[in-house]
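Novice: Submitted below is the structure of interest, expressed as structure tokens.
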Amino acid sequence: MALPIVVYGDPVLRRKAALIEEITPEIEQLASDMIDTMMKANNGVGLAAPQVGRSLRLFVLRDEILDDSGDYVFSSPEVVINPVFSNPSKKMETALEGCLSLPKIEVEVARPSNIHVRYQTLKGEFVEEDLKDFRARVFMHENDHLNGTLIIDRISSNERNRLDPFLRKIKIKR
Ligand code: ZN
């Protein structure tokens, strides 16, 4: 069941999310509802638990992969629990990012081009991965949500000022 998406201005987006100690049926249900929510949202490639009002270290994502005919398609949705990052590359890459909690806003965000991550799947298995490119970016964007950070915190103060009227509008509408 798709859930309502929390938008900018809600304090839950600024909170540091709690570790998931145990993968209960409630967590499984939350992950399944978050996948429905992400799939329903236009071009949603990732969604973190705080974006549906739950301050927990969990996010869902869809990767972009090349299919047999050379077109980019979405992979099946994945669930990431309690991610821990290490070894970010010194090399940074800049790309345009949007966020379901910041409707209609897109900004250029610089992030390390490679990073290592360790996380748990919904089955509780531990996974270690070296991330790069689009996948690394989605993981880092969603992980930011677990620490109360938004893309508008990763831009220059000039650009932030330019966005201020748009941000105020989101706050008023919510
Ligand atoms: Zn986001």
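Counting along the sequence shown from 1, when you hit position 101 you're at 101 in the numbering used here, and nothing is skipped either side.
Beta carbons are placed, not taken as given, at the ideal position from N, Cα and C, and that holds for glycine.
#1: Since phenylalanine 85 contacts histidine 116 with CB under 8 Å, what's their CB separation in whole angstroms?
#2: Would threonine 37 be called buried (16 or more neighbouring beta carbons within 10 Å of its own) or exposed?
#3: Find out if the Cβ-Cβ distance for the pair leucine 102, tyrosine 8 is shorter than 9 Å.
#4: Do leucine 47 and asparagine 82 have their C-beta atoms closer together than 9 Å?
#5: Going by beta-carbon coordinates alone, are phenylalanine 179 and aspartate 63 separated by less than 9 Å?
#6: Distance, Cα to Cα, glutamate 97 vs proline 4?
#7: Output the residue ranges of the alpha helix (DSSP H) runs that lie fully inside the region 24-106 and measure 4 residues or longer, sorted by chain position.
#8: Leaving aside the five residues before and after valine 45 along the sequence, list all residues of the same chain whose C-beta is less than 7 Å from its C-beta, in chain order.
#9: Identify the continuous alpha helix (DSSP H) that holds arginine 162 and give its terminal residues.
#10: Give a single yes or no on whether isoleucine 151 has its beta carbon closer than 8 Å to a heavy atom of ligand 1.
#11: Leaving out the 5 sequence neighbours to the left and right, which residues in its chain are closer than 7 Å to glutamate 28 when beta-carbon positions are compared?
#12: Taking the Cβ atom as the reference point for each residue, do leucine 91 and proline 112 lie within a distance shorter than 9 Å?
#13: So, with DSSP's three-state summary, where would you put alanine 2?
#14: Let's test the definition: count the other Cβ atoms within 10 Å of the Cβ of alanine 136 and tell me whether it reaches 16, buried, or not, exposed.
#15: Out of Ser89, Tyr119, Lys104 and Leu100, point me to the one whose CA is closest to alanine 110's CA.
#16: Please return the same chain residues whose Cβ sits closer than 7 Å to the Cβ of arginine 54, not counting the five positions on each side in sequence.
#17: Quick one: what does DSSP say aspartate 10 is sitting in, helix, strand or coil?
Specialist: With the given structure in hand:
#1: That belief holds up - the Cβ atoms of phenylalanine 85 and histidine 116 are roughly 7 Å apart, short of 8 Å.
#2: buried
#3: yes
#4: no
#5: A query on residue 179 cannot be resolved here, the shown segment of the chain reaching from 1 to 174 and no further.
#6: 21 Å
#7: Taken in chain order, the whole alpha helix (DSSP H) runs of length 4 or more contained in the region 24-106 are 25-40.
#8: Leu61, Arg62 and Val138
#9: 157-173
#10: yes
#11: Leu122
#12: The sequence given here has lysine at residue 91, not leucine. Going by C-beta atoms, lysine 91 is nearer than 9 Å to proline 112.
#13: coil
#14: buried
#15: Per the C-alpha coordinates, the member of Ser89, Tyr119, Lys104 and Leu100 positioned closest to alanine 110 is Ser89.
#16: Hits under 7 Å: Leu30.
#17: coil
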